[in-house]
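Novice:
Numbering (our numbering), first residue to last: 574 to 766.
(1) Which word fits residue 680, buried or exposed, when buried means at least 16 other C-beta atoms lie within 10 angstroms of its C-beta?
(2) Let me know the secondary structure DSSP gives residue 629 once reduced to three states.
(3) When the distance is taken between beta carbons, is residue 746 closer than 7 Å to residue 711?
(4) Tell me, please, whether the region 748-763 touches the region 717-724 by the rule of three or more beta-carbon pairs shorter than 8 Å.
(5) Inspect the CB distances between the region 674-690 and the region 723-733 and report whether three or more fall short of 8 Å.
(6) Compare the C-alpha of residue 740 against each of 676, 717, 582 and 576 and name the closest.
(7) Measuring CB to CB, does residue 691 end up less than 7 Å from residue 764?
(8) Taking just the CA atoms, how far does residue 742 sit from residue 761?
(9) Can you check whether the CB of residue 647 is closer than 7 Å to the CB of residue 655?
(10) Can you list, in chain order, the stretches of the alpha helix (DSSP H) that have 4 or more residues and sit fully within the region 692-733?
(11) Could you round the C-beta distance between residue 748 and residue 701 to whole angstroms and report it? I think they count as a contact, below 8 Å.
(12) Restricting to Cα atoms, I'd like to know which of 744, 649 and 657 is closest to residue 713.
(13) Please report the straight-line C-alpha distance between residue 653 and residue 674, rounded to a whole angstrom.
(14) Taking the alpha carbon of residue 696 as the point to measure from, which residue in 757, 579 and 578 has its own alpha carbon closest?
(15) Kindly indicate which three-state DSSP category residue 746 falls into: helix, strand or coil?
(16) What does the alpha-carbon distance come out to for the pair residue 577 and residue 585?
See below:
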């Protein structure tokens with residue numbers, strides 16, 4: 574009995590089809606066309622509008638499309654070689670060349686993680702610095718890393734507290750010099766390119 578009900582429900586639902594409208598007008602939509610379509614929908618009359626009048630309505634609506642630069646005739650009538658030359662000369666007159674100047678000194682206080690990433694070349698996870706790790710230090714390290722909003726901020730705090738040589742905050746238990754799974758590779762790749 575269960576199977577009969579299940580199969581009959583599937584057959585009933587399978588027989589349902591979504592109504593596909595076949596009288597869609599393709600053309601620009603504007604306030605006038607939306608108003609006309611709303612008025613047509615509100616009056617439930619059975620008037621037959623033939624396809625010729627619909628295409629004439631669509632053709633009568635002015636094309637307020639994207640751009641007229643795609644129409645060769647419009648561009649050929651509005652732009653000439655002389656107007657292009659005038660526009661180019663006007664752009665050349667506006668063109669300003671600045672002299673090369675020395676870059677300003679960064680006013681950042683504390684360590685710079687980008688500079689540290691570029692300066693080092695060791696891979697992630699390779700121990701370079703001695704760490705005295707006890708049994709619960711990995712859990713404590715993860716807990717402390719979770720307190721930072723990002724690994725960049727954790728790396729900056731790690732470097733400002735004596736890292737990578739010293740790990741007072743327990744942010745680098747593997748001793749690779751990178752705190753809280755901080756990854757220097759994006760900075761290194763940016764310099765290479």
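Beta carbons are placed, not taken as given, at the ideal position from N, Cα and C, and that holds for glycine.
Specialist: On the basis of the supplied data:
(1) exposed
(2) Residue placement at residue 629 is poorly supported in this model, since its pLDDT is 44, which falls under 50; the coordinates still yield a value, given next. Three-state DSSP puts residue 629 in a helix.
(3) yes
(4) yes
(5) yes
(6) 717
(7) yes
(8) 26 Å
(9) no
(10) 710-718 and 724-733
(11) 6 Å
(12) 744
(13) 41 Å
(14) 757
(15) coil
(16) 12 Å
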